[in-house]
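Structure first, then comments.
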Amino acid sequence: MRLEQTQSNKLPKAIIRLLEHRGIKDINDFLSEDLKTLPNLTSLKDVIRASKRIVEAINNKEKIAVYGDYDVDGTTSCALLFHFFKSIGVHIDCIQPSRFVEGYGIHPPTIEQVIKEDIKVLITVDCGITNNETADYAKDRGVDLIITDHHKDARDEMPNAFAVINPNRRDEDLSSPMTALAGVTVGFALAWQIKIDLEKQNTTVPSLYPLLQFVAIGTICDLAKLNSMNLKLCRHGLKQIPQTNFAGIKTFFPPEERRAGVIQGDKISFTVGPMINSKGRLDHPEIALKLLISDDITEAFNYFSQLEISNNERKSIQKDVFEEALIEVEKNNAKETDEHSFTLVYQPHWHEGVIGIVASKLVETFKVPALV
Numbered sequence: 045m046r047l048e049q050t051q052s053n054k055l056p057k058a059i060i061r062l063l064e065h066r067g068i069k070d071i072n073d074f075l076s077e078d079l080k081t082l083p084n085l086t087s088l089k090d091v092i093r094a095s096k097r098i099v100e101a102i103n104n105k106e107k108i109a110v111y112g113d114y115d116v117d118g119t120t121s122c123a124l125l126f127h128f129f130k131s132i133g134v135h136i137d138c139i140q141p142s143r144f145v146e147g148y149g150i151h152p153p154t155i156e157q158v159i160k161e162d163i164k165v166l167i168t169v170d171c172g173i174t175n176n177e178t179a180d181y182a183k184d185r186g187v188d189l190i191i192t193d194h195h196k197d198a199r200d201e202m203p204n205a206f207a208v209i210n211p212n213r214r215d216e217d218l219s220s221p222m223t224a225l226a227g228v229t230v231g232f233a234l235a236w237q238i239k240i241d242l243e244k245q246n247t248t249v250p251s252l253y254p255l256l257q258f259v260a261i262g263t264i265c266d267l268a269k270l271n272s273m274n275l276k277l278c279r280h281g282l283k284q285i286p287q288t289n290f291a292g293i294k295t296f297f298p299p300e301e302r303r304a305g306v307i308q309g310d311k312i313s314f315t316v317g318p319m320i321n322s323k324g325r326l327d328h329p330e331i332a333l334k335l336l337i338s339d340d341i342t343e344a345f346n347y348f349s350q351l352e353i354s355n356n357e358r359k360s361i362q363k364d365v366f367e368e369a370l371i372e373v374e375k376n377n378a379k380e381t382d383e384h385s386f387t388l389v390y391q392p393h394w395h396e397g398v399i400g401i402v403a404s405k406l407v408e409t410f411k412v413p414a415l416v
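Every number in the working numbering is 44 more than the matching position in the sequence shown, counting from 1.
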């Protein structure tokens, strides 16, 4: 079926052909900002079960914590839920691991930590779907673990957590556009259901619309597929940033950018994302999260300055490693007679936090797979 040019979208024929070539059948939906046409995010499995447990914890004044990955998606997920709970007068603890100590995912020592702090409900964001052993440990120790994630459900069995919310869990509709959701939007879906359940008991809950700013940043920086669903969410998030009330978000955008009224996606992906990621790449990500949950502009700019320093350090380390990697490639190629079909380089002193970026740059440079 060919795309139809409509009165509402009088685009050049070349653009129509380009969209068609990319498999976009409904141009109106692709360009739409209508949030009412989104899939029902709260239809994800276990959302209602998780929400009811969280509302129960709120009513009983039980302690709740959020555990998030150390990248942009995990950090914005933590910030989104922190601001959501704060808006309803509930304090939650935020926990993030270090890639150099705990590593990726959630592990039993974290369960021991939350038990010591008398936390009864622990919500993961952007991680947990493969941490079956931790889910078992939490259950044995009496912690209700609610996993929200978007990564592939890759183990032989799903984790036996109190709830598992993931558009890519094995028993979801894997043809749904929701499989493209970033972790931050899965967290948003949980917040939405909690809002619904709290309002049923006559609790006033502010609009979740401002939280789409975190959805936009996390979605863009996690390179989630920008199908029409994610595009709508990101457009509304970006639209709010020039007038944002979140001190942490404000620090990334000088007054002249905010006055222009339009924030481009590449500003998010090439400036905001690397800065948020920088601390987690070099040591611990907590400064980035403190920035995003701060409500004091002076404090926020202090955290922002620390991220600037960290990001500059990351760039310097990355540059050095990349240049050394190029030398290694030249040495290896000089020894080989075969065509360069794979890049393999190693030095024991290279920084673990930047080797992924260096690998990507080697792929761009030599147009072959790379292992660093």
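Think of the CB as a built atom: it goes at the ideal place given N, C-alpha and C, for glycine as much as any other residue. What you are looking at is a predicted structure, and each value in this text was computed from that prediction instead of being measured.
From D310 to I261, what distance separates their C-alpha atoms?
Along the sequence shown, one-based indexing puts residue 310 at 266. Along the sequence shown, one-based indexing puts residue 261 at 217. Straight across, the Cα-Cα distance linking D310 with I261 is about 11 Å.
Per DSSP, which one or two residues make a beta bridge with D137?
Here residue 137 refers to the residue found at position 93 when the sequence shown is read from its first residue. Answer is A109, bridged to D137.
In the DSSP assignment, find the beta strand (DSSP E) that holds K164 and state where it starts and stops.
Counting from 1 along the sequence shown, the entry for residue 164 is found at position 120. It spans I163 to V169 - the beta strand (DSSP E) in which K164 sits, taken as one unbroken run.
With 16 as the cutoff for other CB atoms within 10 Å, does F386 come out buried or exposed?
Taking the first residue of the sequence shown as 1, we reach residue 386 at position 342. With a 10 Å radius around the Cβ and a threshold of 16 neighbouring Cβ atoms, F386 comes out exposed.
For I361, which three-state DSSP category applies?
Counting from 1 along the sequence shown, the entry for residue 361 is found at position 317. In the structure shown, I361 sits in a helix (DSSP, three-state: H, G or I).
Q51 in three-state terms, based on DSSP:
For the purposes of this step, residue 51 is identified with residue 7 of the sequence shown, where counting begins at 1. Low per-residue confidence applies at Q51: pLDDT is 38, beneath 50, and the placement is therefore not dependable enough to give any value.
Look at the Cβ atom of G147, then the Cβ atom of C171, and state whether they are nearer than 7 Å.
The residue labelled residue 147 in the question sits at position 103 within the sequence shown. The residue labelled residue 171 in the question sits at position 127 within the sequence shown. Contact: no.
Closer than 6 Å: is that where the CB of Y390 sits relative to any heavy atom of the ligand ADP?
Among the components of this structure there are no ligands whatsoever, and the ligand ADP is therefore not found.
Let me know the secondary structure DSSP gives T295 once reduced to three states.
Reading the sequence shown from its first residue, position 251 is the one you call residue 295. Coil.
Under the three-state DSSP convention, the category T315 falls into
One-based indexing of the sequence shown puts residue 315 at position 271. Helix, per DSSP.
Start and end residues, beta strand (DSSP E) containing I191:
Start at 1 with the first residue of the sequence shown, and residue 191 comes out as number 147. Counting along the chain, the beta strand (DSSP E) containing I191 begins and ends at D188 to T192.
Using the Cα positions of I167 and D78, report the straight-line distance between them to the nearest angstrom.
Looking up residue 167 in the sequence shown gives position 123. Looking up residue 78 in the sequence shown gives position 34. The straight-line gap from Cα to Cα measures roughly 30 Å.
According to DSSP, residues forming a beta bridge with I209:
For this step, residue 209 is matched to residue 165 along the sequence shown. Looking at the DSSP assignment, I209 forms a beta bridge with T192.
Residues of its chain near P298, where Cβ-Cβ distance is below 6 Å and the 5 sequence neighbours each way are ignored
On the sequence shown, residue 298 is found 254 positions in, with the first residue counted as 1. Nothing listed; no residue qualifies.
Whole beta strand (DSSP E) elements within the segment 202–270, 3-residue minimum:
List check, beta strand (DSSP E) in window: 207–209.
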